[in-house]
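J.: First the structure, which I've put down as structure tokens, then a few questions once you've had a look.
Residue numbers (the numbering used here): 3 to 273.
Below is the structure:
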């Protein structure tokens, strides 16, 4: 990620942002059928509704999705809340953690360092502003103060629009802290994944914020499971991911979290 605030700020955010609760690290262990097969996932559990801490348990769409995939593959697994930076560095090494599960967008730049699973989720970035803002689209952000989570596609997009060294592009350790920057008046807008923005707006109706979808400037992107280069786990889990998408389990999980049918045809064609 880019510029970071200290962990204490994240702890404060945990009390102020209900939908972005983060309470440290936690393991969710599930048993499979294949003896001796085990994979450890690292995650940044601050992306409600994709992955987030509920007391001492990681919950979210990604968590339910990977549970279905692991059941299909018949192996053991754990998911640990490590934070974004630790996830990226530890998965790159491939020793303590063999995969990253944290709404990680598939990009050409990341492909130079990591391997990915086949895509499992279609997303796009979204702008969040306070009601009454004169911001209407992404290009209106050029001369504004914008908060993003560093080392994300939101950071990449706004670095192009605003300039990578623009002091008004504020990079934080998590979306939760970026959202607090908008709430406190330190930013004119936040740019983050659509699921995160919509979840925040839904859970904080008194804050009078609104989301702006700009498909012209923020196109679709796809999430994948992150692996070290040359990982054997891609070949082992890709068939299980595809099976979960094709057999209807994926749609069931998706509707539980988002209340609508997923476009699985587009998702499968993105392979």
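Glycine included, every Cβ here is placed at the ideal spot set by N, Cα and C.
Please list, in chain order, all residues of the same chain as residue 118 whose beta carbon is under 6 Å from its beta carbon, the five residues on each side excluded.
T.: Closer than 6 Å at the Cβ level, and outside the excluded window around residue 118, lie 108, 226.
J.: Under 8 Å by Cβ, that's how I've got residue 213 and residue 129 pegged, so tell me the actual separation to the nearest angstrom.
T.: Contact holds; Cβ gap of about 7 Å.
J.: In whole angstroms, give me the CA-to-CA distance for residue 153 and residue 223.
T.: Approximately 15 Å, taken between the alpha carbons.
J.: In whole angstroms, what separates the C-alpha of residue 41 from that of residue 77?
T.: Going from the Cα of residue 41 to the Cα of residue 77 covers about 8 Å.
J.: To the nearest angstrom, report how far apart residue 61 and residue 82 are at their CA atoms.
T.: Distance between the alpha carbons of residue 61 and residue 82 is about 11 Å.
J.: Evaluate residue 194 with the Cβ neighbour count: other Cβ atoms within 10 Å of its Cβ, from every protein chain shown; 16 or more gives buried, anything less gives exposed.
T.: So residue 194 counts as buried.
J.: Check each candidate in 69, 44, 65 and name the one with the smallest Cα separation from residue 95.
T.: Checked all of 69, 44, 65; the closest Cα to residue 95 is 44.
J.: Going by DSSP, what residue range makes up the beta strand (DSSP E) through residue 127?
T.: Unbroken beta strand (DSSP E) run through residue 127: 127-132.
J.: Excluding the five sequence neighbours on either side, which residues of its own chain have a C-beta within less than 8 Å of the C-beta of residue 183, listed in chain order?
T.: Excluding sequence neighbours, residue 183 sits near 149, 172, 174, 189, 192.
J.: Could you tell me which of 113, 63, 264, 168 sits nearest to residue 103, measuring between CA atoms?
T.: Per the Cα distances, 63.
J.: Touch check for the segment 254-272 and the segment 112-126: three-plus C-beta pairs under 8 Å?
T.: The answer is yes - the segment 112-126 touches the segment 254-272, with three or more Cβ pairs under 8 Å.
J.: Take residue 252 and list the residues in its own chain whose beta-carbon comes closer than 6 Å to its own, dropping the five residues that flank it on each side.
T.: Closer than 6 Å at Cβ, skipping near neighbours: 246.
J.: By a C-beta neighbour count over all protein chains shown, 10 Å radius and 16 as the cutoff for buried, is residue 270 buried or exposed?
T.: Per the 10 Å Cβ criterion, exposed.
J.: Thinking residue 93 and residue 228 are a contact (beta carbons under 8 Å), I'd like their distance in whole angstroms, please.
T.: The pair is a contact, with the Cβ atoms about 5 Å apart (cut-off 8 Å).
J.: Using the three-state DSSP reduction, which class does residue 61 fall into: helix, strand or coil?
T.: In the structure shown, residue 61 sits in a strand (DSSP, three-state: E or B).
J.: Measure the alpha-carbon distance for residue 218 versus residue 170 and round it to whole angstroms.
T.: About 23 Å.
J.: Below 8 Å on the Cβ atoms is my contact criterion, and I expect residue 50 with residue 201 to pass it. Report the Cβ-Cβ distance as a whole number of Å.
T.: Indeed they touch by this definition, with Cβ atoms about 5 Å apart.
J.: Between the C-alpha atoms of residue 272 and residue 110, what's the straight-line distance to the nearest angstrom?
T.: Looking at the two C-alpha atoms, the distance is approximately 14 Å.
J.: Can you tell me whether residue 127 is buried or exposed? The criterion is at least 16 other CB atoms within 10 Å of its CB, across all chains shown.
T.: Buried: at least 16 other Cβ atoms inside 10 Å.
J.: Looking at the unbroken alpha helix (DSSP H) that takes in residue 272, where does it start and where does it end?
T.: Note, residue 272: premise wrong, no alpha helix (DSSP H); not H, not E.
J.: If we count the other Cβ atoms within 10 Å of its Cβ and call it buried at 16 or more, is residue 115 buried or exposed?
T.: Classification for residue 115: exposed.
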